[in-house]
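There are 2 protein chains.
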Amino acid sequence: MTATTVHEPTHREALWELEDAFERGDLITIFGRCTVEYDGRAASSLGLGRRLLLLKPDGTALVHTDEKQKPVNWQPPGSEHHAAVRDGRLRVRSVRTSPDETLDVHFETVEQLSAMAVSGRRDLSVTGSEADLRNALLDRPAVIESGFEPLATERPTDAGPIDLFGRDTDGRPVVVELKRRRVGPSAASQLQRYVAAIEREDGDDAAVRGILVAPSVTDRARRLLAEHGLEFVAVEPPSSTGDAGGSTTLDTELSQTDAVDDSAHDPAGDATGDDDGEPARTLSADEESH
Amino acid sequence: MTATTVHEPTHREALWELEDAFERGDLITIFGRCTVEYDGRAASSLGLGRRLLLLKPDGTALVHTDEKQKPVNWQPPGSEHHAAVRDGRLRVRSVRTSPDETLDVHFETVEQLSAMAVSGRRDLSVTGSEADLRNALLDRPAVIESGFEPLATERPTDAGPIDLFGRDTDGRPVVVELKRRRVGPSAASQLQRYVAAIEREDGDDAAVRGILVAPSVTDRARRLLAEHGLEFVAVEPPSSTGDAGGSTTLDTELSQTDAVDDSAHDPAGDATGDDDGEPARTLSADEESH
DNA sequence: GCCTAGGTCCCGTGT
DNA sequence: ACACGGGGCCTAGGC
Chain A
1 MTATTVHEPT
11 HREALWELED
21 AFERGDLITI
31 FGRCTVEYDG
41 RAASSLGLGR
51 RLLLLKPDGT
61 ALVHTDEKQK
71 PVNWQPPGSE
81 HHAAVRDGRL
91 RVRSVRTSPD
101 ETLDVHFETV
111 EQLSAMAVSG
121 RRDLSVTGSE
131 ADLRNALLDR
141 PAVIESGFEP
151 LATERPTDAG
161 PIDLFGRDTD
171 GRPVVVELKR
181 RRVGPSAASQ
191 LQRYVAAIER
201 EDGDDAAVRG
211 ILVAPSVTDR
221 ARRLLAEHGL
231 EFVAVEPPSS
241 TGDAGGSTTL
251 DTELSQTDAV
261 DDSAHDPAGD
271 ATGDDDGEPA
281 RTLSADEESH
Chain B
1 MTATTVHEPT
11 HREALWELED
21 AFERGDLITI
31 FGRCTVEYDG
41 RAASSLGLGR
51 RLLLLKPDGT
61 ALVHTDEKQK
71 PVNWQPPGSE
81 HHAAVRDGRL
91 RVRSVRTSPD
101 ETLDVHFETV
111 EQLSAMAVSG
121 RRDLSVTGSE
131 ADLRNALLDR
141 PAVIESGFEP
151 LATERPTDAG
161 PIDLFGRDTD
171 GRPVVVELKR
181 RRVGPSAASQ
191 LQRYVAAIER
201 EDGDDAAVRG
211 ILVAPSVTDR
221 ARRLLAEHGL
231 EFVAVEPPSS
241 TGDAGGSTTL
251 DTELSQTDAV
261 DDSAHDPAGD
271 ATGDDDGEPA
281 RTLSADEESH
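First to last, the protein sequences are chains A and B. Under full-length UniProt numbering, the first residue of the first sequence carries the number 1, and numbering increases by one thereafter. Under full-length UniProt numbering, the first residue of the second sequence carries the number 1, and numbering increases by one thereafter.
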């Protein structure tokens, strides 16, 4: 039996169970009527109510209600849990330093307390991240633009690391910013920062191009891109189920790879002139690290 | 008794309990050996292990291990929970649409299943937010700069809403961006976007000033600010316990309000020239919306 | 420890 | 619905 539960314990019984569970490194759930106070980076307080407190052996504390994905109050990993009986209530206090933060949960009554031994893998492999998108594009750089040659990923600049850096067929440097989902103004600004940084650093006469690669872009972001002569290429993230126009299931082979549309990019700079109707291409990311 | 628990139930017993709990709108916890698969905006899978599944009546599903604050897998509010016995395992499936997402948790064995009726307030009042900082500054605009006159908050522009907009003693428009914590490059870019937008819209001859108000700024962000002629004012967020130099406890009265330093801001633009050692001022935000 | 940026971000607010 | 930005964001990766 790896899970022990007590119902309606006295505060003192609950305290004993808690101390034992802390000792064993168990995952602990406490359900009961409680108040919650937090003070640290901000401050908050929560009146009486039935809630679930989750205590992890790594120092995490989570207070959950019946709504929302995020806990109504919490303490990050690395905190220290302490339990005590004060003024007829069970007080569970979770504290950490740098920054100094304290979470206090005062239980008027504990309806249930459980302790469980957790085990097993906790690392999961996620597909569909921006890194997957980057790898897929490294395999098929022509999706960005026919003849695009990748030179570096995460290239450092004064303004931060560039997702993907390369050169176009004319030999002009190209800064590529990747996003796994629809982008807003901040992504446009981010790309603009990087382009400006490369222009300052390389200082070549050749103008630096900036291309935002994402599934789609908001109107405002599109305008901001245009203002700075930046470009946009629509690409669905790998493993996305969403499709724009009866897309086929993801194959390892991308269908119209070299049908990159003959419209030459205009060197003038008022780019982003791709037709709006252009459907986003879907990428697969079967091969890791090629 | 508002919490019911069954230990080591058969899958069929667990299923009955689950259906009842769904019906009652209870908060449910299931602890046992399980695998987890997710497919939707991304995709992931997680091998066998002992974990805690939390199901909320609002459709939220959370899979927690013994580490980290964030669940290892989850489903947002609005999803629909379904339970079934398949291939000798208890399958809990949480599904939502737009975007289409499915979370499957397959329990090989259920060690414990609990259902509890949650109640009580779930809204908490947090102090120390950016809005509190804004209100404090509206009460004491001289903290930003002697003679600064606030004219609008959340003023809309082509680039998005400006936190605080006003005028300096020379009548020049001032864009203020507020941050409750140390800022990096993105905040500098954000401010720059807003300043450019105001310059385009108002189109006055008077140059638009931009001031970033935050507790502190990174080197990179400071350089970016300087490049665009933007300024920085150090202000601690209200209710912060952190102090730079034996700060007093937060009073409603701010101590050296009008000791704003006589160094006139240079109209040239290579600003941000405040001495680095300048200690941040601490604000209180006692009065809401005065 | 700090810095930088991603995230199945979540979440509230406005349109 | 989408859009936009805040968050006690959290978390990972580098330095």
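Just so it is clear, CB atoms sit at the ideal spot from N, CA and C, and this is done for glycine as well.
Legend entry - S45/A versus Q69/A, P76/A, V105/A, residue with shortest Cα-Cα distance: Here the closest residue by C-alpha is V105/A.
Legend entry - First and last residue of the uninterrupted beta strand (DSSP E) at A3/A: The continuous beta strand (DSSP E) containing A3/A extends over residues 3–7.
Inset, instruction - Leaving out five residues on either side along the sequence, give the residues of the same chain with a beta carbon under 6 angstroms from the beta carbon of S94/B. - result: Shown here for S94/B: same chain residues with a beta carbon closer than 6 angstroms to its own, the five before and five after excluded, namely A61, Q75, S79, H81, L103 in chain order.
Legend entry - Closest residue to V183/B among V235/B, L137/B, A42/B (Cα-Cα distance): Considering only alpha carbons, the answer is V235/B.
Inset, instruction - Please report the residue range of the alpha helix (DSSP H) in which Q190/B lies. - result: Start and end: 185–202.
Legend entry - Beta-carbon contacts of L133/B that lie in its chain and below 8 angstroms, excluding the five residues immediately before and after: Contacts found: L178, R180, V213, V235, P237, P238, L283, A285.
Inset, instruction - Would you decide whether A3/A is buried or exposed? Buried here means 16 or more other CB atoms lie within 10 Å of its CB. - result: Buried.
Inset, instruction - Let me know the beta strand (DSSP E) ranges lying completely inside the region 113–198 of chain A, each 3 residues or longer, listed in chain order. - result: Runs of the beta strand (DSSP E) inside the region 113–198 of chain A: 125–127, 149–155, 162–167, 173–178.
Inset, instruction - Mind checking the region 33–60 of chain A against chain B and listing, in chain order, the residues whose C-beta falls within less than 9 angstroms of any C-beta there? - result: Residues passing the 9 angstroms Cβ filter: R33, C34, V36, Y38, D39, G40, R41, A42, A43, S44, S45, L46, G47, L48, G49, R50, R51, L52, L54, K56, P57, D58, T60.
Legend entry - Within-9 angstroms CB hit, K179/A to chain B: For K179/A, the answer is no, since every Cβ of chain B falls outside 9 angstroms of its Cβ.
Legend entry - Which of helix, strand or coil DSSP assigns to A207/A: Residue state for A207/A is assigned as coil, using DSSP reduced to three classes.
Legend entry - Segment contact, 8 angstroms Cβ cut-off, at least three pairs: the region 116–123 of chain A with the region 8–19 of chain B: They do not touch, by the three-pair rule.
Legend entry - E201/B and D163/B closer than 9 angstroms at C-beta: In this structure, E201/B keeps its C-beta atom at 9 angstroms or more from the C-beta atom of D163/B.
Legend entry - 6 angstroms Cβ shell around E101/A - same chain, five flanking residues per side excluded: So the list reads G40, once near-sequence residues are dropped.
Inset, instruction - Using beta-carbon positions only, say whether V175/B and L27/B come within less than 9 angstroms of one another. - result: Between V175/B and L27/B, the CB-CB gap reaches or exceeds 9 angstroms.
Inset, instruction - Quick one: grab the DSSP three-state call for G242/B. - result: Confidence in G242/B is poor, its pLDDT being 44 and thus under 50, which makes the residue's placement too unreliable to answer from.
Inset, instruction - Go ahead and label D66/B buried or exposed: buried means 16 or more other beta carbons lie within 10 angstroms of its beta carbon, across all protein chains shown. - result: With a 10 Å radius around the Cβ and a threshold of 16 neighbouring Cβ atoms, D66/B comes out buried.
Legend entry - Identity of the residues DSSP links to E236/B by a beta bridge: Beta-bridge pairing links E236/B to T282/B.
Legend entry - Cross-chain neighbours of A3/B in chain A, by beta carbon under 8 angstroms: Going along chain A in sequence order, the residues near A3/B (Cβ under 8 angstroms) are H7, F31, E111, Q112.
Legend entry - C-beta atoms of I30/A and L113/A nearer than 9 angstroms: The answer is yes: Cβ separation under 9 angstroms.
Legend entry - Residue from G160/A, S98/A, V85/A whose Cα sits closest to the Cα of T109/A: When only C-alpha atoms are compared, the closest one is V85/A.
Legend entry - chain B contacts made by the region 151–181 of chain A, where a contact means CB separation under 9 angstroms: Against chain B - using a Cβ distance shorter than 9 angstroms - the residues of the region 151–181 of chain A are D158, A159, G160, R180, R181.
Inset, instruction - Determine whether the Cβ of D66/A lies closer than 9 angstroms to any Cβ atom of chain B. - result: So, interface residue.
Inset, instruction - Compare the Cα-Cα distances from E231/A to each of I144/A, T153/A, S186/A, L138/A and report the closest residue. - result: The residue from I144/A, T153/A, S186/A, L138/A with its alpha-carbon nearest to that of E231/A is I144/A.
Inset, instruction - Flag A117/B as yes if its beta-carbon sits less than 9 angstroms from any beta-carbon of chain A, otherwise no. - result: Chain A contact via Cβ: present.
Inset, instruction - Go through its chain and collect everything with a Cβ distance to A159/B's Cβ below 6 angstroms, but skip five positions before and after it. - result: Once the five neighbours on either side are set aside, the close Cβ partners of A159/B are R193, Y194, A197.
Legend entry - Unbroken alpha helix (DSSP H) run spanning A42/B, endpoints: Neither: A42/B is in no alpha helix (DSSP H) and is coded neither H nor E.
Legend entry - Run of the beta strand (DSSP E) containing L62/B, from where it starts to where it stops: Taken as a continuous stretch (DSSP letters only), the beta strand (DSSP E) holding L62/B covers 61–64.
Inset, instruction - For S98/A, count neighbouring C-beta atoms within 10 Å of its own C-beta (all shown protein chains included) and say buried if the count is 16 or more, exposed if not. - result: Flag for S98/A reads exposed.
Inset, instruction - Count the other CB atoms, across all protein chains shown, that sit within 10 Å of the CB of P185/A; report buried if there are 16 or more and exposed otherwise. - result: Buried, since its Cβ has 16 or more Cβ neighbours within 10 Å.
Inset, instruction - With 9 angstroms as the threshold, decide whether the Cβ of R121/B is near any Cβ in chain A. - result: Answer yes: the Cβ-Cβ gap between R121/B and chain A drops below 9 angstroms somewhere.
Inset, instruction - Report yes if the CB atom of K56/B is closer than 9 angstroms to the CB atom of H64/A, and no otherwise. - result: Yes, Cβ-Cβ distance for K56/B and H64/A is below 9 angstroms.
Inset, instruction - Measure from the C-beta of T127/A to each C-beta in chain B and report whether the shortest distance is under 9 angstroms. - result: At a cut-off of 9 angstroms, the C-beta of T127/A has a neighbouring C-beta in chain B.
Inset, instruction - Whole angstroms is fine: what's the gap from A206/B's alpha carbon to T157/B's? - result: About 18 angstroms.
Inset, instruction - Identify whether H11/A lies in helix, strand or coil by the three-state DSSP scheme. - result: Note: H11/A maps to helix in three-state DSSP.
Legend entry - Between the CA atoms of R167/A and G147/A - distance to the nearest angstrom: The C-alpha of G147/A lies about 9 angstroms from the C-alpha of R167/A.
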